[in-house]
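Numbering (full-length UniProt numbering), first residue to last: 2 to 283.
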Amino acid sequence: KNLINRMRGVERDVIDKPGQDGSQGGAPFYKPQADEVEIFQAAYAKRLPVMLKGPTGCGKTRFLEHVAHTLGQPLVTVSCHEDLTSSDLVGRFLLEGEETVWQDGPLTRSVKEGAICYLDEIVEARTDTTVVIHPLTDHRRQLPLDKKSQIIDAHEDFMLVISYNPGYQTVLKDLKPSTKQRFVGIHFDYPSEEVEREIVAKESGGLDADRVEKLVAAGRKARALKDHGLEEATSTRALAYAGELMQAGLSPRVACRAAMIAPITDDPELIQALEEIFDAHF
Ligand code: ADP
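Pasting the structure below:
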């Protein structure tokens, strides 16, 4: 049983049925940055596979949750990681008592049921995963289940979405150009200052305008340190967290350190540089 459960550790996917969330007519709150919603809707109308490109924490996942909800489509999210294999996506035979039973993976279920399947950070996964998505990304829209010697045609509502963080990729780990070409690309970046303020105000649960303004201004300065040795830039997510911590009663100083410094660096010089930025704003 343990073994089965361990193998079922595959079930990292989250099935998000439409109609579960609170804001924006039930859709998860998303503030558009440019024309990403229109591009996605057009791609969905034609069932073209989509690639969301951009740095971590800039809103790609939230965007997809939002558009899936407005389209009334279920969303299956798989967070990819270096041990993720094609079997984790497609499915495998499991031993149940005396019997072996086939269990569909999250990709197969999406293909059959007509969901939007989101492979978050696909490049992290083993290369065999990109092989299984290939026939799904062209006009065939088919998923081969090699172990079952079966090929399934995708449900007409099925759509494949991947995310891709150009900053992370190295020459060793990148999508093949032939794979990239099969996707419609939507570019994301950290939002403009004005949009970011709106996001932080909303996500923090109503932090006052004065602190929102200072927080966002400081965050944007901190973000600029990315080119000076900081591996991970201060994300919109981190700003939202800092806002939430302030709303929960922490001082700006403590909240900024906890949400925007501690998680991203251990380097004493960078810590000091970041502290100076935040202290100058509050
Ligand atoms: P990514 O998938 O790019 O790593 P997320 O979608 O998880 O980033 O975004 C992280 C958090 O930042 C969200 O949970 C949300 O609080 C906030 N956020 C970022 N951009 C937006 C946006 N445009 N609208 C609403 N919230 C946003």
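By construction, the Cβ of each residue, glycine as well, lies at the ideal position given by its N, Cα and C atoms.
### Task
Just grab the DSSP bridge partners of residue 185 for me.
51
### Minimum C-alpha distance to residue 35 - residue among 271, 221, 193 and 179
193
### Message
Give me the residue from 38, 140 and 234 with the minimum Cα distance to residue 69.
### Response
38
### Query
Is the CB-CB distance between residue 146 and residue 201 below 8 angstroms?
no
### Query
So, are the CB atoms of residue 240 and residue 275 less than 8 angstroms apart?
no
### Query
Helix, strand or coil for residue 24 per DSSP?
Model confidence at residue 24 stands at a pLDDT of 49, short of 50, so the residue's coordinates are unreliable; what they give is reported in the following sentence. The answer is coil: DSSP assigns residue 24 none of H, G, I, E or B.
### Message
Considering only heavy atoms of the ligand ADP, does any lie closer than 7 angstroms to the CB of residue 204?
### Response
Shortest gap from the CB of residue 204 to any heavy atom of the ligand ADP: under 7 angstroms.
### Query
Taking DSSP as the reference, what is the three-state secondary structure of residue 13?
Confidence at residue 13 is low in this model, with a pLDDT of 39, below 50, so its placement is unreliable and the value that follows should be read with caution. Coil, per DSSP.
### Message
Given this structure, state the Cα-to-Cα distance separating residue 142 from residue 197, to the nearest angstrom.
### Response
Their Cα atoms are separated by approximately 38 angstroms.
### Separation of residue 124 from residue 177, as counted between CA atoms
Rounded to whole angstroms, the gap between the alpha carbons of residue 177 and residue 124 is 10 angstroms.
### Query
So what does DSSP say about residue 244, is it helix, strand or coil?
helix
### Task
Give the range of the beta strand (DSSP E) segment to which residue 104 is assigned.
100-105
#### Entry: Three-way DSSP call (helix, strand, coil) for residue 142 in this model
coil
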